[in-house]
Every structure is written in C-alpha cells, then in structure tokens.
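Asks: Residue numbers (UniProt numbering), protein chains in the order written: chain A, 1 to 389; chain B, 1 to 647.
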Amino acid sequence: MWWRSASFILDKGLNDEVQDESESLRVSPSNTSMADTLQNPNPKISAYYQTRAAHHGVVTSDWLAQAQAAVGRHPDDLPPPKVEDSGKPFSVIDEFNSWRKQPDLAEAVAAIRALASVIRSSQATTMMELEIELKKASDSLKSWDTTSISLTAGCDLFMRYVTRTSALEYENFNSAKSRLIERAERFGEISYKARRIIAMLGQDFIFDGCTILVHGFSRVVLEVLKTAAQNKKLFRVFCTEGRPDRTGLRLSNEMAKLDVPVKLLIDSAVAYTMDEVDMVFVGADGVVESGGIINMMGTYQIALVAHSMNKPVYVAAESYKFARLYPLDQKDMAPALRPIDFGVPIPSKVEVETSARDYTPPQYLTLLFTDLGVLTPSVVSDELIQLYL
Amino acid sequence: MEARRTSRIPIDPKVRQVGFFAPGALRDRSQSGPLGLSSSPPVSNISPAGNSLSPVMIPPPRHASDNFVLSRPLAVPVSASTLRPPAVEDRMAVGSYDASELLLGTSASSRIGDGEFSEDYSVFFRRSSSGKFASSLPSGGFDSTAMKINPPAVVRAAKKPAAVIEKSGGAVAEMQNELPTSSKPLKEKTTKAERRALQESQRAAKAAAKGPNSGGNKPATASGAATPMKEKASKAVKQVPSSVAASDKKGGERIPEKDKKKDVPPPRMQFDDKNRVEKAKRRAVVKPTEARNRVELFRHLPQYEHGTQLPKLESKFFQLDPVHPAVQKVGFQYLEGDIVGGNARCIAMLRAFQEAIKDYSMPPEKTLARDLTAKISSYVSFLIECRPLSISMGNSIRFLKNRIAKLPLTVSESEAKDALYSDIDRFINEKIVLADKVIVRHAATKIRDGDVLLTYGFSCVVEMTMLYAHELGRQFRVVVVDSRPKFEGQALLRRLVAKGLSCSYTHINAVSYIMHEVTRVFLGAASIFSNGTVYSRVGTACVAMVAHAYRVPVLICCEAYKFHERVQLDSICSNELGDPDVISKVAGRADVNYLDNWRDKENLQLLNLIYDATPSDYVSMIITDYGMVPPTSVPVIVREYREHLWI
C-alpha cells in the first residue's frame, strides 16, 4: 500500500514553496492549555475534539489577533521532540504530545513520529522485545484517545508497515532495528507528505467557474483549495457554518485570505444551495472498510442531498485514516461526544444529541482523494485487505 | 458479414443452451438484422466454401468415431496437427473468417478448462475420448492438469473450421455435416434466391435446434432441415418452417449420430443436450429416471424422479467396485438428503476421500499422481450422479487435486498418502472449522443489546454466531424465517430455543410484515461470486431484498473457500432442481391433493429450485475469515488468496 504512494505527483516540484508560506500563516496555539496528562482530562468531551479545538480554535474576536501574532512563527520554532531526554524515562505519550502541539501536524502523523522515536530510543536487545515494546507504546497511544479513528488507524498501519518484513528474522538485531527505523521514518515522511500529494491530485478536479461546497474544516481540503487557487483556478466556495464548533467560519476566513470568493451558509441551508453547487468537498476523520467515511456531523446529510441532486461528493483523506472498521449504520460506532453551546440554558429534561460525527455510506461518495491516488470507495477495502492479510 | 456478427452476439454458447429462445422469436431476430444475405456471406458459404466445407465436417478428434465414415479421412490431418497454422489459414482465406472470430472462438473455448466444475468436465472428457485420441494417450491415466490444457486445443481445432461458415459451433455445425451430401448441387452456380433460401433454411434449422427441445433433437432438425434443402434448395424458404416443425416432433426418436457433436463442450453438462445425457447415462452408476413435465427455462439442469435412484443403486451395490465404500456411503447420504448444507457436504466428502486415500494402493506401472487423480475424478463423478456438486465441494476438490498434482515424484506411496491425509485435515480445520470461528467472532461484534436479528433457513455459521453472542451475554431476539418445503428453520429454532434465546418463527410469506422490527439480517451462503452475487438457499434473495427495502443491514456469513471467481447474474444459468413432488404435496394435509396427478397434466410444470442469486446491491456486508468486507471486495479475496487456498 505505502510503497505505491502516489508521491510522484510531488516530483513535479510545482509550488512547494507555497507550503512553507502557508504554514507560517497558521495559528500556532501552543499557548493553549493542553492536556498533557496520560489520561483524558475531560471524559465528557472526546479527546479527539479537544485536540481539534486546540488546533483549530473556535473563531472568536481575539482569534485574528492571535493569528496575527502567530504570523512569522515557523512550526520548527516549536520545542523539538526530546528524544534523548536524559533524566526521566521515555514516554510515548509525552513524545506524542510534543509532536501534537504542532498545529499543522495531524494527530496520526504525530503518533507515527512518536512510535518511530520509540524504536529509536528503545533499549531492547532482541527483536521480540522491541516488538512488544512497540506494541505497548501503540496500545497506550490508542487508549489515550479511543475516539480518534485516525490515531488508531495510524498506529495500526504503522505496526503493520514497520514490522511486516520477512527478512527481519535473518538479520542481526542492530541492522534489523536500523531497518525498522528507516521504514518508520519513511512511513512518517509519506504520511507527512500525504496532504501535499492529495492537494496535487485533488486540484485537477476543480475547474474554472465551479462552485464547491465544503463542510467543516479539513486541513486536506484547505490544502486542495489552496493549491487550486495558486494554480489560478477560478472557483467559489460555499462554507457551511459547521456548528457547534463553527469550523466553517475558520475555513471561510482562510478562503478570504486566498482571495477566493466565499459564501457562508448555515448548516441547514445545504439543500437550498445545492442547485448552484458543482461539487462537494469534505474531509474525513476516518475512512472505513466499506469505503464510507466517518466525518463531522452533517456530512451524511450533505452527501444525501448531493446524491439526490446528482452532484459529485469528493472526499480528501490521507491513507493513514483507513481504518479496519465497518459500521453498518450510524449507531454502530464508538460515539465521540462534543458539548454544544446553544447560547441559552437548556432545561434538564431536554436531551441533547452530542455526537460529533456521522457515517456516510460509500454509495453516496463519488471519489476519495488519497495519497495512494484517486480511488473509488470500493478500493479502500481492497487496499486494507492487501495490507492487513 | 454484418448480419453474422450481430446475430452472433446472442448466440453465446452458454445462453444458447439455456433453451431460452422460442424458435419463432429467434428467427425473427436474425431476420430483422441488416441482412447482408445477398452480398458476401453466400459467396463464402456456397461457391468457394463448397470445397472448403469439408474441413467443417471434421469432427473434433475426441468425437472421431467409427460410424462417421465420410469425413473421417479428412479429419485426420486436422486432428494430427491440431494447432498447425497453415491448415487454418487455408480456410481463413475463404473469406468469412476474420481474426475477431478466431479470438472469439478460442477465448470461449479456453475458458472451459478452468470452470468451476472442471473436474466434472475432465471426467466427461476422459471418458468420452475415444478412437485415436484416447489411444494416443494413456487411457485412464490422465493428469488433471493435462486435461485442463487439452480441451481448448482440441476445441479450437474443431472450432476453426466450423467458424468458416458458422456463427458459433452448436446447432448449425451439425447441419453442416449434412451439407457434404448436398454439396454437389450447391457447388453449381446458385442464384440469389437459392442462396437466400439456403441461408434461411440454415437459420431456421438452427433456431429450431435451439427451440423447446433444443439439444435433444439437434441431429434430427439438422438432417430434417437439410433434406429438403438438398432436394429443393431453391424454394425452401416457405417449406423450412414446416419441415422444422415436423422434425421438432419426431426429434426425440431420432438416433443421435456421434458425429453431430462438433459443439464446444460446455463447462458443465447441459442436460438439455440429449446426446450427452445419453452418454452420461450409459456410464452412470446411478440410473435415475428423468422427471417429466419440466420447466422449459430450466431444462439445462438435471432433474430426476425422486426415489428412483436408491433402489437401483442398492441392487447394484456389489457391482460398484471402482467406488470406495466410504465415498459410496457419502453419495447415498447426499442422495437421500441425509447430509445437507455446504459445509457438511464438503466435510463428508473430504472425509470419504481421506478414507479412500488411506485404502488406496497404487497399481504397478502407474504414477501415483495420475492414477489417484483419475480415481478421485471417478469418485467425484459418482458423487455428481448422486447430487450435483456444491461450489464448496468443487473448490475443495480443486484443492485436493492440486495437492495431488504437486506431490513430488520422488516421494514414496505411503508418504504421499500421509501427506494428502494431513492436507485434507488441514483444509477442513483451517478453511472450515477455524474460518467459522473467526467469522463468528467478527459477526458477534455486530450484535448489540436490544437487536432483533432475522435469519432465513438454517446456516450453521449463523447459528454459531447467535449462540456465541448469547454466551457473551448480549440481549437480543431472533426471528427465524422459514419456508416450504424443507423447513430447515425449525431445526435452527429448536437449537436456539434449547439454549434459551428468545425467538420468533415465521414463514417467508410474512417477511415483509416482520421486517420493520428487525435491526439486522444474518444470512448464510452456498457461494459468493466475483461480482458479489450471493448464491444461497432459495428465498434468500427475497429476504435480502425486503430487508434492503426496509433499510435493514444484510450480513452474509460465508467462509472464503466458498468464494468463486465466476460471475453470475441470475439464478437460471447454474442452479439445482429439487424434487417437484415436495412442493405439490402439503405435509400432514391429505385433503390438499389438487396436484396429486400433476404428472399427467401436459400443461403443468412444477419448479422446485434449490438456490437463488442475490445481487450484491442488497448485501451490506460479507463476513468471511478474512474479516468483514464489502461485496465489492470478493474478487480481491479470490485473487489474493487463490494460492493461499490451494496450497
């Protein structure tokens, strides 16, 4: 799977400098209070959404000021991961958290990097020991946030990719270990580059004069749109509001910065505007085995509306989000909860649906843009089968 | 040329033999095309082809039989140089032949070897090989792999000349055999009308051969149509239909001539082809009586009067020396319906083969691999006579033959037997027993508290899943849907109730009523095809469609060894017919006897299908030993784990 990564698309070396520029524009909410403990501090809110909230922030009045302050600060300025931490014992969670602070780094990539440093700093002397250690680390990462699909999937894929090599048994330990490290780093590299690859693949689908409906805030979708804008494509974007964390507002801000015409819709106006829309772009929290996606609440209904009006639905998702899950319906998933602020007090007798995401079955999706290439939903399962079995 | 190609499309051999076309309809269609009758085809057909007709008459080597004297000498060079290009090119120059036809012919024939019931085929092939073909190879000691390679070559040899004048083998090929007798008048310069008449008559003859009594009277129609054609080819147009009709009636009585079988052998035995059926009967151990009043559309499937097989078998008990007693026992159990269900039948068969292999001793001057394969093949054909193979059995026979073929030559007999014995054990354990355990684990994750599960018929994997989920302490309810005539659901119901599950029981008539309260549908499958089509107990498709309409997820539990690379779109092409009596009688209701003498009613046909095909659209998920996959991933598993399965 990974060796077939479509990274050749980057070799064109088109606008790579753009990336740095864009990164510098990002907010780096490193000053946000981040839960650095081993346990999820607030069980009421899914840890995944805590991270997202920290990364994306809720658009507030002082958000722009923060953004301004952040300009010019490069992600590399952030404290580098302490691999050779002298005193205290190595903890994969600490490592993960230090990577996680980078706003531009996806959670799964942070986990992949953390796992790679587990191998590097391991004091194991046999392959078996190392593998057990790695397994423990990945388990603790996974249990740190069970609601994050990409984290779980990323850890699983890492384990698969890094440890699945038949030649390992025949080598001496050190060379095997260095090979593992090499593979781990390559995996991290591919995962890191994935977003660029997807952007290059996905922007071809944007044609001049088209209208794109975007739901929620996805860094991959943003990258695709940004690449398209930089390639002088003329298009306009409809952003849904993205209640309750208003991620759409943030995306519309980004679009405005790129001088892309953007219109903000409330979430319930999707069907109303669908006539004008040429394509729907969404990201994904996780891509499941059926080829469907699990994404922010509201994706399913947008896909349904788009399907009934024969508009294509494109999903941009890195392949480390491919998870061995197969939900049959909406309730067939581990729920990820998220508080919703209605602005007024809610009577205690009123129940609030706080689930943060829904499942969109594959028949409502047109194509998936992944770093493996542009795939139909049914290919997801093929890739997973080939990798896992 | 145009007309020929357009009409070729519907005459795919498989479709043709279904017996789906009414004679009139087919003729209409072939006439409605832009008939280039007066242009090129007659030329190629008659005047130059008058000479080159002779290759057409060449029977394929395997059918070269004694009574075909006329073309026998001609047959020799072709069969000797089965694939020699020059011989082919001579004929290609005749005109109506082009590369695409060649491709079509060969590709159709080369598919044969890897059909699902290829062992069936190869058995047939070996036995029917006669004359010089058989003598050129050690008889009875055919390697199965060799068999698989051979048929396409032979078929091609038969096919190429046929393609000169012909569309696709089959019925018209037979008629061509008649042509040499009439070739003299034909060689004379024919008028347009005459040529047209000839074409018409050919077409009519072919349509007739394809008609209701399709395979059975092929020779008859061919000769029947050809006779008037020979005599008065010029005004045959109007006469042909009547002559066809006449020959249709007396078709049954005609003695089939052996040279009539230029046809490409189909991958499976088509039971509307009387020649083959005759032949198969002659060597059959079990002599079943054919059922009467059979449904037209399903004539290509075997159907026998129930209860006629066993007494005959019993009387022959001591003559059945070539079949191992263990295999015999299993065969009789199939026959009586004592062993049902894909897994049970497969395991029983493999256990019987194990016994047979244990008792096997290699005859002198034979290689173990070949002799044992032949033995297994003969057992398999015996089992087929008892009941058609299931796809699971076909796959496991493939596995076994593969193992035998892969035995190293140096290995001693006892070692080889031990190896095969443990291979079969391993197959049963890994592909069936362990696979079921894995499936049960996976399936149980999809059962939540408060669920209402619906199942249809009796699938042992589904039963295990429910019991396992119950053991895990899940609170759920089961709806068992059942149907006549087997009432397999009752067995499931009894077992589930005995374990303390809360169950409802209903018949398939009420499935749309009960479906609104159901949250999951669990079904078993006899096989899953490459396009995701689920082949299962008849009624499954109905349940799946109702569930789909109610937006209830349909989960299919099926072991990966039952997957098959074939693509099937309907339940007609390959299916099994059960005893029609069981649907005409109502158990325990002697007063319901309206259909007691249905056999005497000419215009009444009963259809008792055993399987049906559920399109993949109605399937939400397939739970297999490789995990939970969407139906679109079946070909991936088939492709990726083919070797896995066989080795």
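A virtual CB, placed ideally from N, CA and C, is assigned to each residue, including glycine.
Using only the heavy atoms of the ligand SAM, determine whether one of them is closer than 8 Å to the beta carbon of T152(A).
Replies: In the structure on display, the ligand SAM does not appear, and there are no ligands present to speak of.
Asks: Using C-beta distances below 7 Å, list every residue in its chain close to I340(A), excluding the 5 sequence neighbours before and after it, in chain order.
Replies: Counting only Cβ-Cβ distances below 7 Å, and skipping sequence neighbours, we find P244, V352, T354.
Asks: Given a threshold of 16 other Cβ atoms within 10 Å of its Cβ, counted over all protein chains shown, does N509(B) qualify as buried or as exposed?
Replies: Its Cβ having fewer than 16 others within 10 Å, N509(B) is exposed.
Asks: If we ignore side chains and look at the alpha-carbon of each, how far apart do S138(A) and T540(B) end up?
Replies: In a straight line, the C-alpha of S138(A) is about 43 Å away from that of T540(B).
Asks: At what residues does the alpha helix (DSSP H) containing C460(B) begin and finish?
Replies: From DSSP, the alpha helix (DSSP H) with C460(B) extends over 460 to 471.
Asks: Reducing DSSP to helix, strand and coil, say where G627(B) ends up.
Replies: Reduced to three states, the DSSP call for G627(B) is strand.
Asks: Just to confirm before moving on: does the CB-CB distance between K417(B) and D625(B) stay below 9 Å?
Replies: Contact: no.
Asks: Just how far apart, CA to CA, sit A226(B) and R299(B)?
Replies: With a pLDDT of only 44 at A226(B), under the threshold of 50, the placement of this residue in the model should not be trusted, and no figure is reported.
Asks: Using a C-beta to C-beta distance shorter than 8 Å, which residues of chain B count as neighbours of residue 395(A)?
Replies: Outside the shown range of chain A, which is 1 to 389, sits residue 395(A), and nothing can be said about it.
Asks: Are the Cβ atoms of V237(A) and P261(A) separated by less than 9 Å?
Replies: Their beta carbons are under 9 Å apart, which means V237(A) touches P261(A) by this criterion.
Asks: Can you check the segment 416 to 452 of chain B for any alpha helix (DSSP H) of at least 4 residues that lies completely inside it and give the ranges in chain order?
Replies: Whole alpha helix (DSSP H) segments, 4+ residues: 435 to 444.
Asks: Please determine if the segment 438 to 456 of chain B and the segment 565 to 573 of chain B are in contact, where contact requires at least 3 C-beta pairs separated by less than 8 Å.
Replies: The answer is no - the segment 565 to 573 of chain B does not touch the segment 438 to 456 of chain B, with fewer than three Cβ pairs under 8 Å.
Asks: E517(B) CB to nearest chain A CB: under 9 Å?
Replies: So, not an interface residue.
Asks: For S252(A), which option in I212(A), T299(A), D329(A) has the closest C-alpha, if you only look at C-alpha atoms?
Replies: Ranking I212(A), T299(A), D329(A) by Cα distance to S252(A) puts I212(A) first.
Asks: Between F217(A) and Y388(A), what straight-line distance do the alpha-carbon atoms span, to the nearest angstrom?
Replies: If I take the Cα positions, the gap works out to 30 Å.
Asks: Hey, Y320(A) and S191(A) are a contact pair by Cβ (cut 8 Å); roughly how many whole angstroms apart?
Replies: Their Cβ separation, rounded to whole angstroms, is 5 Å, which keeps Y320(A) and S191(A) in contact under 8 Å.
Asks: Does any CB atom of chain A fall closer than 9 Å to the CB of S633(B)?
Replies: At least one chain A Cβ lies under 9 Å of S633(B).
Asks: What span of residues does the beta strand (DSSP E) with R373(A) cover, start to end?
Replies: The question names Arg, but residue 373(A) in the sequence shown is Gly. Taken as a continuous stretch (DSSP letters only), the beta strand (DSSP E) holding G373(A) covers 373 to 375.
Asks: Let me make sure I understand the geometry here. Which of D358(A), S117(A), Q102(A), T299(A) has the alpha-carbon closest to that of I181(A)?
Replies: The shortest Cα separation from I181(A) among D358(A), S117(A), Q102(A), T299(A) belongs to S117(A).
Asks: Closest by CA to H470(B), which one among P485(B), A498(B), R484(B)?
Replies: Ranking the options by Cα distance to H470(B), first place goes to A498(B).
Asks: What is the rounded straight-line gap between the Cα of P635(B) and the Cα of S377(B)?
Replies: Each residue's Cα considered, the two are about 28 Å apart.
Asks: In the segment 550 to 575 of chain B, which residues sit with their C-beta less than 8 Å from some C-beta in chain A, listed in chain order?
Replies: Those would be P553, L555, in chain order.
Asks: For K446(B), return the contacting residues in chain A, with the cut-off set at a CB-CB distance below 9 Å.
Replies: Those within 9 Å of K446(B) in chain A are Y326, L328, D332.
Asks: Within a Cβ cutoff of 7 Å, which residues of the same chain sit near D423(B), ignoring the five residues on either side of it in sequence?
Replies: Answer for D423(B): R403, listed in chain order.
Asks: In chain order, which continuous runs of the alpha helix (DSSP H) of length 4 or greater are located wholly inside the segment 101 to 125 of chain A?
Replies: Complete alpha helix (DSSP H) runs here, min 4: 107 to 121.
Asks: Could you check how far apart the C-beta atoms of Q333(B) and A348(B) are, in whole angstroms? I think they sit under 8 Å.
Replies: Between A348(B) and Q333(B) the Cβ distance is about 7 Å, and since that is below 8 Å, they are a contact.
Asks: If you measure from the beta carbon of G457(B) to each beta carbon in chain A, is any gap under 9 Å?
Replies: Cβ-Cβ to chain A under 9 Å: no for G457(B).
Asks: Give the interface partners of D382(A) over in chain B, defined as CB-CB distance under 7 Å, in chain order.
Replies: Under the 7 Å cutoff, chain B gives S633, V636.
Asks: Using a Cβ-Cβ cutoff of less than 7 Å, which residues in the same chain neighbour E276(A) once the five nearest sequence positions on both sides are dropped?
Replies: Excluding residues within five positions, the ones whose Cβ falls inside 7 Å are T211.
Asks: Using DSSP's beta-bridge definition, name the partner residues of Y364(A).
Replies: Partner(s): none; Y364(A) has no beta bridge.
Asks: Pop quiz: V214(A) and R195(A) are said to be a contact at Cβ under 8 Å. What is the actual Cβ separation, rounded to whole angstroms?
Replies: That belief does not hold up - the Cβ atoms of V214(A) and R195(A) are roughly 16 Å apart, past 8 Å.
Asks: For G72(A) and D329(A), I'd like the C-alpha separation in whole angstroms.
Replies: Here G72(A) scores only 42 on pLDDT, less than 50, and its place in the model should not be relied on; the value that follows carries that caveat. Between G72(A) and D329(A), the C-alpha separation is close to 45 Å.
Asks: How about the segment 433 to 443 of chain B and the segment 550 to 566 of chain B: do they share at least three Cβ pairs that are nearer than 8 Å?
Replies: The segment 433 to 443 of chain B vs the segment 550 to 566 of chain B: in contact.
Asks: Apply the 10 Å Cβ neighbour rule to V344(A) and answer buried if 16 or more other Cβ atoms are within range, or exposed otherwise.
Replies: With fewer than 16 Cβ atoms within 10 Å of its Cβ, V344(A) is classed as exposed.
Asks: I want to see whether chain B comes within less than 9 Å of G343(A), judged by CB atoms only; does it?
Replies: No, its Cβ sits nowhere closer than 9 Å to a Cβ of chain B.
Asks: I'd like to confirm the pairing. Which residues does DSSP put opposite F536(B) in its beta bridges?
Replies: For clarity, residue 536(B) is Ser in the given sequence; the question names Phe instead. For S536(B), which the question treats as bridged, DSSP gives the partners D612(B).
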